[in-house]
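J.: For the sequence shown, the UniProt record's numbering gives the first residue as 1, with consecutive numbering after it. Glycine is no exception: its CB is placed at the ideal position from the N, C-alpha and C atoms. Computed from a prediction, not measured in an experiment: that's the story for all the values here.
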Amino acid sequence: MDDTFFRKCSNNRYFLSLCTWNNILLHHLYAPLLFICAAFTLLHYHLLHTKTLQISGLDENYTPIRTYQVCQVMEPNQNNWLRTSWIEKGDAQRIFVELKFTLRDCNSLPGVVGTCKETFNLYYQETDSEVGRNIRENQYVKIDTIAADESFTQGDLGERKMKLNTEVRIIGPLSRRGFYLAFQDVGACIALVSVKVYYKKCWSIIENLATFPDTVTGSEFSSLVEVEGTCVSDAEEEADNSPKMHCSAEGEWLVPIGKCICKAGFHQKACGRGFYKSSSQDLQCSRCPAHSYNDREGSWRCDCEDGYYRAHSDPPSVACTRPPSAPQNLVYNINQTTVSLEWSPPADTGGRNDVTYRIMCRRCSWEPEECVACGGNVGYSPQQAGLVDTYVSVVDLLAHANYTFEVEAVNGVSDLSRTQRLFAAVSIATSQATPSQVSEVIKERVQQRSIQLSWQEPEQPNGVITEYEIKYYEKDQKDRIYSTVKSRSTSATVNNLKPSTAYVFQIRAFTTAGYGTYGPRLEVTTKEEASATIVSSEQNPVIIIAVVAVAGTIILVFMVFGFIIGRRYALAVKFPGTKTYIDPETYEDPNRAVHQFAKELDASCIKIERVIGAGEFGEVCSGRMKLPGKRDMSVAIKTLKVGYSEKQRRDFLCEASIMGQFDHPNVVHLEGVVTRGKPVMIVIEYMENCSLDAFLRKHDGQFTVIQLVGMLRGIAAGMRYLSDMGYVHRDLAARNVLVNSNLVCKVSDFGLSRVIDDDPEAVYTTTGGKIPVRWTAMEAIQYRKFTSASDVWSYGIVMWEVMSYGERPYWDMSNQDVIKAIEEGYRLPAPMDCPPGLHQLMLDCWQKDRADRPKFDQIVGILDKMIRNPNTLKTPVGTCTRPISPLLDQSTPDFTTFRSVGEWLEAIKMERYRDNFTAAGYSSLDSVARMSIEDVMSLGISLVGHQKKIMSSIQTMRAQMLHLHGTGIQV
Numbered sequence: 001m002d003d004t005f006f007r008k009c010s011n012n013r014y015f016l017s018l019c020t021w022n023n024i025l026l027h028h029l030y031a032p033l034l035f036i037c038a039a040f041t042l043l044h045y046h047l048l049h050t051k052t053l054q055i056s057g058l059d060e061n062y063t064p065i066r067t068y069q070v071c072q073v074m075e076p077n078q079n080n081w082l083r084t085s086w087i088e089k090g091d092a093q094r095i096f097v098e099l100k101f102t103l104r105d106c107n108s109l110p111g112v113v114g115t116c117k118e119t120f121n122l123y124y125q126e127t128d129s130e131v132g133r134n135i136r137e138n139q140y141v142k143i144d145t146i147a148a149d150e151s152f153t154q155g156d157l158g159e160r161k162m163k164l165n166t167e168v169r170i171i172g173p174l175s176r177r178g179f180y181l182a183f184q185d186v187g188a189c190i191a192l193v194s195v196k197v198y199y200k201k202c203w204s205i206i207e208n209l210a211t212f213p214d215t216v217t218g219s220e221f222s223s224l225v226e227v228e229g230t231c232v233s234d235a236e237e238e239a240d241n242s243p244k245m246h247c248s249a250e251g252e253w254l255v256p257i258g259k260c261i262c263k264a265g266f267h268q269k270a271c272g273r274g275f276y277k278s279s280s281q282d283l284q285c286s287r288c289p290a291h292s293y294n295d296r297e298g299s300w301r302c303d304c305e306d307g308y309y310r311a312h313s314d315p316p317s318v319a320c321t322r323p324p325s326a327p328q329n330l331v332y333n334i335n336q337t338t339v340s341l342e343w344s345p346p347a348d349t350g351g352r353n354d355v356t357y358r359i360m361c362r363r364c365s366w367e368p369e370e371c372v373a374c375g376g377n378v379g380y381s382p383q384q385a386g387l388v389d390t391y392v393s394v395v396d397l398l399a400h401a402n403y404t405f406e407v408e409a410v411n412g413v414s415d416l417s418r419t420q421r422l423f424a425a426v427s428i429a430t431s432q433a434t435p436s437q438v439s440e441v442i443k444e445r446v447q448q449r450s451i452q453l454s455w456q457e458p459e460q461p462n463g464v465i466t467e468y469e470i471k472y473y474e475k476d477q478k479d480r481i482y483s484t485v486k487s488r489s490t491s492a493t494v495n496n497l498k499p500s501t502a503y504v505f506q507i508r509a510f511t512t513a514g515y516g517t518y519g520p521r522l523e524v525t526t527k528e529e530a531s532a533t534i535v536s537s538e539q540n541p542v543i544i545i546a547v548v549a550v551a552g553t554i555i556l557v558f559m560v561f562g563f564i565i566g567r568r569y570a571l572a573v574k575f576p577g578t579k580t581y582i583d584p585e586t587y588e589d590p591n592r593a594v595h596q597f598a599k600e601l602d603a604s605c606i607k608i609e610r611v612i613g614a615g616e617f618g619e620v621c622s623g624r625m626k627l628p629g630k631r632d633m634s635v636a637i638k639t640l641k642v643g644y645s646e647k648q649r650r651d652f653l654c655e656a657s658i659m660g661q662f663d664h665p666n667v668v669h670l671e672g673v674v675t676r677g678k679p680v681m682i683v684i685e686y687m688e689n690c691s692l693d694a695f696l697r698k699h700d701g702q703f704t705v706i707q708l709v710g711m712l713r714g715i716a717a718g719m720r721y722l723s724d725m726g727y728v729h730r731d732l733a734a735r736n737v738l739v740n741s742n743l744v745c746k747v748s749d750f751g752l753s754r755v756i757d758d759d760p761e762a763v764y765t766t767t768g769g770k771i772p773v774r775w776t777a778m779e780a781i782q783y784r785k786f787t788s789a790s791d792v793w794s795y796g797i798v799m800w801e802v803m804s805y806g807e808r809p810y811w812d813m814s815n816q817d818v819i820k821a822i823e824e825g826y827r828l829p830a831p832m833d834c835p836p837g838l839h840q841l842m843l844d845c846w847q848k849d850r851a852d853r854p855k856f857d858q859i860v861g862i863l864d865k866m867i868r869n870p871n872t873l874k875t876p877v878g879t880c881t882r883p884i885s886p887l888l889d890q891s892t893p894d895f896t897t898f899r900s901v902g903e904w905l906e907a908i909k910m911e912r913y914r915d916n917f918t919a920a921g922y923s924s925l926d927s928v929a930r931m932s933i934e935d936v937m938s939l940g941i942s943l944v945g946h947q948k949k950i951m952s953s954i955q956t957m958r959a960q961m962l963h964l965h966g967t968g969i970q971v
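1) Sorted by chain position, which residues of the same chain lie with C-beta nearer than 8 angstroms to Y922's C-beta, five sequence neighbours on each side aside?
2) If you draw a straight line from the alpha carbon of K117 to that of Q596, how long is it in whole angstroms?
3) Cβ of N740 within 8 angstroms of Cβ of M687?
4) Tell me whether K475 sits in a helix, a strand or coil according to DSSP, three-state version.
5) For T434, which residues from the same chain have a beta carbon less than 7 angstroms from its beta carbon, with the 5 sequence-adjacent residues on both sides left out?
6) Measuring straight from C-alpha to C-alpha, what distance separates E236 and C285?
7) R610 lies in the beta strand (DSSP E); which residues open and close that run?
8) Run through DSSP, which three-state label would G718 get?
9) Quick one: Cα of Y380 to Cα of I715, how far?
10) Can you tell me where the alpha helix (DSSP H) with N591 in it begins and where it stops?
11) Let me know the secondary structure DSSP gives H246 once reduced to three states.
12) Once DSSP output is grouped into helix, strand and coil, what is the label at S953?
13) How would you write the range of the alpha helix (DSSP H) that A780 sits in, first residue to last?
14) From the DSSP secondary-structure annotation, give me the bridge partner or partners of A509.
15) With distances taken from CA atoms, which of V186, T145, L122 and E88 is nearest V70?
16) Can you tell me which residues form a DSSP beta bridge with E252?
17) Starting from the C-beta of L78, find all residues in its chain whose C-beta is less than 6 angstroms away, skip the five residues before and the five after it, and write them out in chain order.
18) Under 8 angstroms by Cβ, that's how I've got L640 and G618 pegged, so tell me the actual separation to the nearest angstrom.
19) If you draw a straight line from the C-alpha of L330 to the C-alpha of L416, how long is it?
20) Have a look at E528 and N496 and give me their C-alpha separation to the nearest angstrom.
21) Quick check on DSSP: helix, strand or coil for I170?
22) Out of I442, Y468 and N591, point me to the one whose CA is closest to V524's CA.
23) Pick helix, strand or coil for A38, following the three-state DSSP scheme.
24) I need the DSSP call for F662, collapsed to helix, strand or coil.
25) Going along the chain, which residues of its own chain have a beta-carbon closer than 6 angstroms to the beta-carbon of T153, five neighbours each way excluded?
26) Residues bridged to K698 by DSSP?
27) Have a look at Y357 and G90 and give me their C-alpha separation to the nearest angstrom.
28) Which same chain residues, not among the five before or five after T404, have their C-beta less than 7 angstroms away from its C-beta?
29) Along the chain, where does the alpha helix (DSSP H) containing F817 start, and where does it finish?
30) Give the range of the alpha helix (DSSP H) segment to which Y913 is assigned.
31) Which residues does DSSP pair with R445 in a beta bridge?
32) Rounded to whole angstroms, what's the CA-CA distance from L888 to A717? Just pull it up for me.
33) What's the gap between the Cα of A409 and the Cα of C260?
34) What are the partner residues of L387, as DSSP defines its beta bridges?
35) Taking only the alpha-carbon atoms, compute the straight-line gap between V744 and M711 and give it to the nearest angstrom.
36) Who does Y123 pair with in a DSSP beta bridge?
This is the structure in structure tokens:
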């Protein structure tokens, strides 16, 4: 081992040169805030000792560099700190820190006596000015623990070539004038090579005759900064349409709104040759569009060149176009008398994007060139003409016949063209068709345990029928469990039936071409079983007749009463499950799913008014939609950003394919999609109050318990509907519930690919994708088993979010800590002032065995009972505001068993504040139990999540002391 690598430093303070800024390449929209170079100061005070060394080496490009290293792995209890000088942030609110470093593998260090680490910690502290070096460690806020992707060994060290690691972390939002960065080593063999600190901004730009200045990006990842533009010289704002643009978090200008126009007196004279002006309102003459011309002055339009055309609906500004070429790669699939055709778009669309397809069908004799039109007996699915998609099914063809199909691509100028039309053609011979339906079935004889049926041969047997298949099942079982009977004739007897049971029968015929489709359902009820009572012939016939009459009357009354009640119930209840969710991923072509489930809207009916957010695929805007014959309405519009890939477009529209299948007052409604124009848009109903979590945080404490339960009831009703349809949400959380102006909550976010922008640490990466750990059931995290039961678990977390007014579940615990705590039986305590019944329902949703969790219809019923009986939502007087349930007792520590404040802090993972409590004189648990939130804040505990976690533990401690020992502490 190289002894010089562990050589101690001769003094305790350095100014370091850690930066290598040669060949720095920044994106043209990024602006560096400050490069920290030769500006580091070591922190050194009574408990900390820093041992460092400047070493020369080579980076991965064999460029000489100077690094700053520490490697005290042979000594235990390392706590070495390095701090930058004070950095003034200027206008920046969101700061990026790029670290380059090397780290040695602990396994390559023989004879280590201390505890070797392969990580170091990054901290920051906000201040308004420089504060000196004597600062307590707990005044720094931890950014992250930094680990290396690549580490080097003894062999790498001998070559003097180090493997650089690059990590980027984000700080923000910042509220003070400046900040410090600090680096903590707790026993690693590490070299810090360079540190770069920068922020992002949108550079000044001129757009729509308006100037937009340099703008610093917002404080949040998804925030957009709205910027007012200033009109250039000799221009003024258009009436009620001032110019605006939005600066994204990535330093990009997005969605220009409004514009400036030339002032009065600034205009062009008569248009010259090759130019035109179609309206007196136009500001200037325009050059003739492509494939058009004019040879005179003062023209209002340009004429098309030979072979090019302009549709009647095309404005003069549109280029002249031509008909498309023929479709490509026409293929077919034949199934008896049904033909499926598929093809590829034409190589040349003629310069237009309104290409559709039409099918010509001709039936030909066996002699060549003797063909006639197929006629109206042939069916086309989805349609014969105006096809947008590149596929069609042709049904009800004749068996054993020759057909020729021609597929023609047409656009808006095809009917104007005088040239020969181009199409793709294919000739096909159909095979034998299966039999048609058995349309009429007659019940011949009905017994207690058997039913005899007869029927007529199908109208179109399409061959020799060799047998019939009778399918039957109990009416109550629907067709989940059914049986079949075969018959070679047109009658059959079905035996081994149950008495007094309704059965449903369907029959289909079989030929060498296969089975036909089942005919209509026939419902038959078997006779009642004979009574076991034997009436003596010696009894009076009059008595027998009277008994029979009375029994018949009673049965009749019950039947009438049951019919009335049953009919009323049927009218009052809408049974779920009548529609089943279809996964768009099952479609070979995702575009088919979009157009099957979502309505295509005309882009001219949509007006974007302002940007309200940024999504994974583009901007989220609000606007108006005006459909023909209807009043305009407010809508939310998700747009697909420019330059998208085909996969991004498919993933973007997948959510519309899902939403289009839902229709429920507590599920966000899809208005339609725009796929044939730009930008590609998903249009949904407008929810004025946006996401539920942000809405609750904004109105903290402003609602009654009944109002909160009403919100929860709406979410549960929406999830019951989705569950009945067979849809598993997988990402139910308050952030994915939207709220309208009437406080109606609606489930949203049905995208298959989700990114939680506001909290990158909220996802736990596993094989197959990302999971929002804090909202996900254990079986879904461990085994990726997502079911309605796992959605119920997530709903329990949503209940906790609502009752805590948008508090973060599990506070600032890491994902791994959350997973470990749940596995050990820990469950979230009741939020402040939460009724015991609601918290018990949460705990029921968090049962470990998913079979023990309630169903969504049960949850709706429980919440309905609570709303009808508000007394159940009151917190009993004299009890803790965080009720403790039996399930919670199993997972909550018994605070009365702790012997010291230190043990208690260690149990709740807050041991970092041990010195804070000691310095303030809190030496016993009795004194801690009497603390208020103001007392906790006075200890210097500034993180809100830590404050609430400590107060939650203190309140549980109070309840246990009061319940078990009667200490008399006032709760």
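T.: Taking the geometry as given:
1) In the sequence shown, the residue the question calls residue 922 occupies position 922. Closer than 8 angstroms at the Cβ level, and outside the excluded window around Y922, lie V901, V928 and M931.
2) The sequence position of residue 117 within the sequence shown is 117, counting from 1. The sequence position of residue 596 within the sequence shown is 596, counting from 1. Approximately 57 angstroms between the Cα atoms of the pair.
3) Sequence index remark: in the sequence shown, residue 740 carries index 740 (1-based). Sequence index remark: in the sequence shown, residue 687 carries index 687 (1-based). Cβ distance < 8 angstroms, so N740 and M687 count as in contact.
4) Start at 1 with the first residue of the sequence shown, and residue 475 comes out as number 475. Helix.
5) As a position in the sequence shown, residue 434 is number 434, starting the count at 1. Q336, N462, T511, A513, G514, Y515 and G516, listed in sequence order.
6) On the sequence shown, position 236 is the one that residue 236 refers to. On the sequence shown, position 285 is the one that residue 285 refers to. Spanning the two alpha carbons is a distance of roughly 20 angstroms.
7) On the sequence shown, residue 610 is found 610 positions in, with the first residue counted as 1. Note, R610: beta strand (DSSP E), I606 to A614.
8) Sequence index remark: in the sequence shown, residue 718 carries index 718 (1-based). Helix.
9) Taking the first residue of the sequence shown as position 1, residue 380 is located at position 380. Taking the first residue of the sequence shown as position 1, residue 715 is located at position 715. One C-alpha to the other measures close to 42 angstroms.
10) Residue 591 sits at position 591 when you count from the first residue of the sequence shown. Where N591 is concerned, the enclosing alpha helix (DSSP H) stretches over P590 to F597.
11) Numbered from its first residue, the sequence shown carries residue 246 at position 246. In the structure shown, H246 sits in a strand (DSSP, three-state: E or B).
12) For the purposes of this step, residue 953 is taken as the residue at position 953 of the sequence shown. In this structure, DSSP gives S953 a helical state, which the three-state scheme calls helix.
13) On the sequence shown, residue 780 is found 780 positions in, with the first residue counted as 1. First-last of the alpha helix (DSSP H) with A780: M778 to Y783.
14) As a first step, residue 509 is located in the sequence shown; it is residue number 509 there, counting from the start. Y468, per the DSSP bridge assignment.
15) Walking along the sequence shown from the start, residue 70 turns up at place 70. The shortest C-alpha separation from V70 is found at V186.
16) As a position in the sequence shown, residue 252 is number 252, starting the count at 1. For E252, which the question treats as bridged, DSSP gives no partner whatsoever.
17) Looking up residue 78 in the sequence shown gives position 78. Residue identity check: residue 78 is Gln in the sequence provided, not Leu. Around Q78: Q72, V186 and G187.
18) In the sequence shown, residue 640 corresponds to position 640, counting from 1. In the sequence shown, residue 618 corresponds to position 618, counting from 1. Right, their Cβ atoms sit about 5 angstroms apart.
19) Residue 330 sits at position 330 when you count from the first residue of the sequence shown. Residue 416 sits at position 416 when you count from the first residue of the sequence shown. Rounded to the nearest angstrom, the two C-alpha atoms are 26 angstroms apart.
20) Counting from 1 along the sequence shown, the entry for residue 528 is found at position 528. Counting from 1 along the sequence shown, the entry for residue 496 is found at position 496. Going by the C-alpha atoms only, they are around 14 angstroms apart.
21) Indexing the sequence shown from 1 puts residue 170 at position 170. The three-state secondary structure of I170, taken from DSSP, is strand.
22) Here residue 524 corresponds to residue number 524 of the sequence shown, with the count starting at 1. That would be I442, whose Cα lies nearest to the Cα of V524.
23) Within the sequence shown, the letter at position 38 stands for residue 38. Low per-residue confidence applies at A38: pLDDT is 25, beneath 50, and the placement is therefore not dependable, though the value from the model is reported in the following sentence. Note: A38 maps to coil in three-state DSSP.
24) By 1-based counting over the sequence shown, the position of residue 662 is 662. Correct three-state label for F662: coil.
25) Translated into positions along the sequence shown, residue 153 becomes position 153. Closer than 6 angstroms at Cβ, skipping near neighbours: D105 and S108.
26) For the purposes of this step, residue 698 is identified with residue 698 of the sequence shown, where counting begins at 1. None, per the DSSP bridge assignment.
27) Residue 357 sits at position 357 when you count from the first residue of the sequence shown. Residue 90 sits at position 90 when you count from the first residue of the sequence shown. Each residue's CA atom was taken as its position, placing Y357 and G90 some 59 angstroms apart.
28) By one-based count along the sequence shown, residue 404 stands at place 404. Around T404: R362, C364, C371, A425 and S427.
29) Along the sequence shown, read from residue 1 onward, the residue named residue 817 stands at position 817. Checking the displayed sequence, the identity of residue 817 turns out to be Asp instead of Phe. Unbroken alpha helix (DSSP H) run through D817: N815 to E823.
30) Counting from 1 along the sequence shown, the entry for residue 913 is found at position 913. Per DSSP, Y913 belongs to no alpha helix (DSSP H) and is neither H nor E.
31) Working through the sequence shown from its first residue, we reach residue 445 at position 445. In DSSP, R445 forms a bridge with Q452.
32) Numbered from its first residue, the sequence shown carries residue 888 at position 888. Numbered from its first residue, the sequence shown carries residue 717 at position 717. Interpretation of L888 is limited by its pLDDT of 35, a score under 50 that renders its predicted location unreliable; the figure taken from the coordinates is listed afterwards. The alpha-carbon atoms of L888 and A717 are separated by roughly 27 angstroms.
33) On the sequence shown, residue 409 is found 409 positions in, with the first residue counted as 1. On the sequence shown, residue 260 is found 260 positions in, with the first residue counted as 1. Rounded to the nearest angstrom, the two C-alpha atoms are 42 angstroms apart.
34) On the sequence shown, position 387 is the one that residue 387 refers to. Partner(s): Y357.
35) Locating residue 744 in the sequence shown gives position 744, where the first residue counts as 1. Locating residue 711 in the sequence shown gives position 711, where the first residue counts as 1. Between V744 and M711, the C-alpha separation is close to 7 angstroms.
36) As a first step, residue 123 must be located in the sequence shown, where it is residue number 123. The partner list for Y123 (beta bridge, DSSP) reads K142 and A182.
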